[in-house]
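In full-length UniProt numbering, the protein residues as written are 1 to 1263.
Here's the structure, in structure tokens; my notes come after.
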């Protein structure tokens, strides 16, 4: 069984009684046995590596005594000395040999640390990603209602990136530094417990402060994560609705909204960085104050030991204590960035893990519940149903609803928009549970039935069909519960759904990709494929929620016939506003206010002359001319049994745009450009650089002070002199500690502010660049909503991950290295030159590691983007996924993408471990050689012991700093790749320049609204071989209403998209074609100005994350829209009464009923459409574009809204696309389109008299 299947079939997760965040082993929560073994081996290597440094310190302390005694004896001619030249050299050889062994050990332990922790992190993140997506897919629909799908992009990219950082090599180095700190302090106590206690006098204060700051850091990290998730949701929402954003000129508003959501994250990040700096500075201050106190007290102990002749304290033992305490301080200092990463991971992981552990109220993966295997008759009963949506407890949807549906019966549900028709469809599928009452199937409560089995028995076609970004065949195959579906079965379903013909004309036929959310299909084509998908499953229960609302009349007639045939022998429930589609139903149920008002056949209800009778009358077309009736039947018989639907609107196929290789990306990377962006905050950068440079000088300063103290002991043994000098050097250490504290706080805070502002700036620029691209760019697969959201989150997170505290570490390393080199050459150039000879090896291993990490980063980025795209697609269409019962399909697809990349990533972990192991061990090899050569120089009198220790301490701690900076090279390499990816996105200019307006364009003072299409030829950019418009020509004079009619896919919606300049018609095959507005070629007009003269109401309305008032006001983003205007527009659109009856009216409480949380999912189709119409009317446009604007309305609402639209159209030019001829009979001109050209043109009566294509459409409707 594949991993995905295992995930979906696992038992319910039982959370630990002890919350995982209250214990240290949270990072093992999802570790397998092999992962735990890797972590154990890595932790063992890290611990052993950490111990190796303190062990070296013991040897070094012994040699200090030898050097000091040897120099004193050498300067006094070895008179009365216990040490000889041979003794000195033997000690030197022992120390050098020991360091050589430690160097080899260091290489092995660092290799194990990096390889094991990185590999275990990859495995765990893979598991977490799969478990997270598994848990998300299992959740009930009401859970999705309160969570935007864009939140997922942020979780699986930026959030899990932070978790991976926290449980990867940084966790290993936390073990390393912890073991080194503990071992150092133990050795310090062994060699001088009194002195150690004095040096550590400030430790309790430091520990308390650190604990408090760590807790606060985690809080800020969690707030930062939540803010980034909100920004990710805005990005997902805007990109997925890009056509609506462009048409209403909402780009600037959406950029501002995106930035507004980023600002809290930036503020939390700045505060978190300040706390990191404060904690680090406080640690150094305490440490160096302890050193000052320790030197004063240590010299007193040495003097006392010499007076007592007990050798309890010597300069060598004092060196061991100081080096151990110093080593402990350095390790605690360099553990800070790693602990910061771990704390961020811990805070971030909480929200992810909470979702993984959440138990759904309706669990699709549960094996519980009955499966009716025998005598399944599909009798459905609603008994005393009371229901409201969880996020709208004040609004009652169903109120004591009762209904019985017999097996095999076809029942139609009709009534005004919002009366509960679609809610009933959702209750049957058990998307929600009722508040009270029961839904019964064959007398059994659906709550007692197995959820997966129940949904397998149901076929659904929704009002807004959702197709997935795969081939047509695969989309249809998703409708079946069978594992293998033949091509013949797919074709048979498509023939029934009247979509086989247009599919067969495509170059790729059934293997043609439909694009993100089926965006590359017309509405009618999408709906027919969705019908085919429902029919292929041969369900026992068929639910049709406005299943033919997007079809042209010819297609609807044929598809309805197929649905009528499909309904035979199965229980069918139909929701429809076109009453012509339900006349033949066994029973029609009229619903009002959540109750059954009338029930009966069409004839019965017409006879009773009640609510249904009035509804039918409102839908009647204008009286027919009798002379046409006699030929009606003849015309219907003459009509072809197939519809000549054009495939032209399906322009998308799998686009394989060449993805730049990682080497190419790095070649293009401009370090200067990134620095220029940073330089915008030059005050913070300069301050940060200055302070980090000064901070880096603390190593040579420390070495100089301590080496000078050793010089005092080597040249003088007078106790009074030693004591007086110790006081002076103690003061030096306290002053040095104060300086380090100030520079530490300032540099980390400054770099933190600069990096947070930089990442926000880059996010804003990248998002702004996305919002200026041409629509064709979004049609490409690699630029799907999921991919772009993932790119915004992951690239910004990588750039942020290499800045802040990391930037300060690298700056210090450079400063320390340069100062150490200068320092060393001043005191002894020979010894310094030897240590520098090892630098090329360190640099080479670092470069090798950077190359490996960059390849690893690229591989992981590609996998994350692809997986995120799949996941967001599934989540944004979750109702369709759930109704198709295809959770496992998307989980398997998601898992497969991750599995394909993780094997390669694991192999590269080994090479990265080897490279970084060499880089970390190489300083040890240099120490071994330096001690050996230093001993030889000292034996010849060519170097003083004080100078030797100054150089050695500088080089050792300098190399230690450089070694730690090596660890962050991987972050820097990832940041380079991510920065260049963002630069490529920011720099991209739209191909047709419609959205950037770089070149000044015309902005006429007035728009009359006179339109002219002249010989337009057009093909979509991604399918140049298929022509959509083939010389389309028509005019719309000022104030005219022009209707475009024709079969699905004939180019009607394409014409509107060209008017909005979503595409550039100049890319067509004939040069001399023009689209004119008031005699001006629209290509010469300012795009923003052009769109501001038009208002679009599309077939599938999209609402945004605002309250209802702001959604309506979105119609005009160039000004503030007053409340009176909003109310007036809502009244005209027949939605005011509905909004007024809501608990909070137009300005709704953000916590109770805001479209942000609902995304329109709990509004009926009619309610959403009317809000969209109000949005268009508030703009008071010169040109009104109505693309099936009333298709989702019930007949009563349609009549009222149509009246409002008729009023609104007065004095302005209207282009109307409609399949219901009742909405266009009063049009000034009707254009009949076929295969991208106008084949008929005239008024309604004129076209009927012509007996042509329009007459044929009319005949279907009147039938």
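A virtual CB, placed ideally from N, CA and C, is assigned to each residue, including glycine.
Residue pairing by DSSP puts residue 1233 in a beta bridge opposite 1238. With the rule of 3 Cβ pairs closer than 8 Å, the stretch 334-354 does not count as touching the stretch 54-65. Counting only residues of its own chain and dropping the five nearest sequence neighbours on each side, residue 1021 has a CB closer than 6 Å to the CB of 776. If the five residues before and after residue 281 are omitted, its C-beta is found closer than 6 Å to the C-beta atoms of 741, 744 and 745, all from its own chain and listed in chain order. Secondary structure at residue 1036: strand, using DSSP grouped into helix, strand and coil. Here residue 1214 is bridged, per DSSP, to 1041 and 1184.
Annotated as proximal: residue 1058 and residue 1018, with beta-carbon spacing under 8 Å. Residue 468: not part of any alpha helix (DSSP H); DSSP gives it neither H nor E. Taking C-beta atoms as the reference points, residue 928 and residue 103 count as a pair closer than 8 Å.
For residue 70 and residue 88, the gap between their C-alpha atoms comes out near 7 Å.
Contact between the stretch 346-358 and the stretch 294-309 is absent: fewer than 3 CB-CB pairs across the two stretches fall below 8 Å. Contact check for residue 315 and residue 302: beta-carbon distance about 7 Å, within the 8 Å limit, so the pair qualifies. Between residue 1217 and residue 1188 a beta carbon distance of about 6 Å is seen, short of the 8 Å cut, so the two are scored as contacting. In the structure shown, residue 1094 falls within a strand segment according to DSSP collapsed to helix, strand and coil. The shortest C-alpha to C-alpha distance from residue 439 to any of 129, 476 and 400 is the one to 400.
For residue 126 and residue 983, the gap between their C-alpha atoms comes out near 29 Å.
Spanning the alpha carbons of residue 518 and residue 365 requires a straight line of approximately 28 Å.
A contact between stretches requires three or more CB pairs, one per stretch, nearer than 8 Å, and the stretch 696-714 fails this requirement with the stretch 767-775. Within the DSSP secondary-structure output, residue 544 pairs in a beta bridge with 461 and 574.
CA-CA distance, residue 1051 to residue 163, rounds to 49 Å. Under the three-state reduction of DSSP, residue 384 is assigned to strand. When secondary structure is reduced to three states using DSSP, residue 1219 falls in the coil class, being assigned neither helix nor strand.
DSSP lists 383 as the beta-bridge partner residues of residue 438.
By DSSP's assignment, residue 513 forms a beta bridge with 471. The alpha-carbon of residue 50 is positioned some 38 Å away from that of residue 227. In the displayed model, residue 1014 falls within a strand according to three-state DSSP. The Cβ-Cβ distance between residue 92 and residue 932 falls below 8 Å. Secondary structure of residue 257 (DSSP, three-state): helix. Taking the CA atoms as reference points, residue 898 sits about 21 Å from residue 28. Under the three-state reduction of DSSP output, residue 1228 falls in the coil class, being neither helix nor strand.
Cβ neighbours of residue 585 within its own chain (closer than 6 Å, five residues either side excluded): 410 and 412. Distance from residue 133 to residue 894 at the Cβ level is roughly 6 Å; contact confirmed, criterion being Cβ atoms closer than 8 Å. Judged by DSSP secondary structure, residue 714 falls within the alpha helix (DSSP H) whose first and last residues are 698-715. Note that the C-beta distance between residue 1105 and residue 249 is not below 8 Å.
Taking C-beta separations shorter than 8 Å and ignoring five residues to either side along the sequence, the partners of residue 138 in its chain run 8, 360, 363, 364, 365 and 887, following chain order. In this structure, the CA atom of residue 426 is about 23 Å from the CA atom of residue 600.
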